[in-house]
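Enquirer:
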Amino acid sequence: MHETIHIKQAGQANEDILSAMQRLMTQLTSAPPPNIEELQEMLGAGATTTLFLARQADNTIIGMAALSVFRVPSGLKAWIEDVVVDEAHRGKGIGEALTEACIEHARALGVHSIHLTSNPARVAANQLYQKLGFQLHETNLYQLRLS
Ligand SMILES: CC(C)(COP(=O)(O)OP(=O)(O)OC[C@H]1O[C@@H](n2cnc3c(N)ncnc32)[C@H](O)[C@@H]1OP(=O)(O)O)[C@@H](O)C(=O)NCCC(=O)NCCS
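Okay, so the sequence shown: first residue is 9 according to our numbering, each after it adds one.
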């Protein structure tokens, strides 16, 4: 990274994170961004999700990645979700740094394996994950839409 970018865990939910998330989510998905109560739930005490934020020197949030860690009978597992870097700041190593932060956090917690999905059309994302050692895992991925 050439500029001074800091990757840090998000603290408590606030309007600054909420508005950055609303802006970033439009560059990722058509799913609506969380409201403040949902953000508080995600970042509150006992939450299983850690949100990493990329901030410029002036504290502007320009990227994010979420890591969810959960224990199931077969061990401590994790998912990485919602990795996105503001369009104006792509190609500078920020997505890589965010994903590495998730990986290191999971490793420190004793996670056995990290999972994620990425649409094959997302060329940059697929390259990024493979660069960091993620391997295509042949399995049937099912989804049941409930809403
Ligand atoms: C995917 C995304 C997060 C990458 O963030 P980024 O900060 O631009 O990526 P980085 O600069 O850290 O690049 C790291 C690696 O990703 C890959 N990569 C990044 N941009 C790429 C591009 N345009 N084409 C191909 N590979 C690319 C490369 O392997 C790169 O390593 P290299 O620089 O050694 O070649 C960003 O493009 C993005 O926000 N895309 C839209 C949202 C999205 O698709 N999110 C993923 C959901 S699964």
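Glycine residues also receive a C-beta, built at the ideal position from the N, C-alpha and C atoms.
(1) Between which two residues does the beta strand (DSSP E) holding G103 run?
(2) Confirm the yes/no value for this check: CB of G7, any heavy atom of ligand 1, distance under 6 Å.
(3) Could you name the residues, in chain order, whose CB is less than 6 Å away from a heavy atom belonging to ligand 1?
(4) Taking the alpha carbon of L59 as the reference point, which residue from A133, A114, S38, V80 has its own alpha carbon closest?
(5) Can you confirm whether the stretch 69-80 touches the stretch 50-57 when touching is taken to mean that 3 or more C-beta pairs between the two stretches lie within less than 8 Å?
(6) So who's on the other strand from I122, going by DSSP bridges?
(7) Counting C-beta neighbours from all protein chains within 10 Å, is the total for Y137 16 or more, i.e. buried, or is it exposed?
(8) When you compare only the Cα positions, how much space is there between L32 and P81?
(9) If you check the beta carbons only, do L26 and L51 fall under 7 Å apart?
(10) Please tell me whether V119 and A86 are closer than 7 Å, where the distance is taken between their beta carbons.
(11) Cutting at 6 Å between CB atoms, please list the residues of its own chain near H97, excluding the five before and the five after it.
Expert: For this structure:
(1) Unbroken run through G103 is the alpha helix (DSSP H), 102-117; no beta strand (DSSP E).
(2) For residue 7 there is no data in the structure shown, the boundaries of the chain being 9 and 155.
(3) Q35, L36, V91, V92, V93, R98, G99, K100, G101, I102, G103, E104, S126, R130, V131, A132, A133, Q135, L136, K139
(4) A114
(5) yes
(6) A86
(7) buried
(8) 35 Å
(9) no
(10) yes
(11) I70
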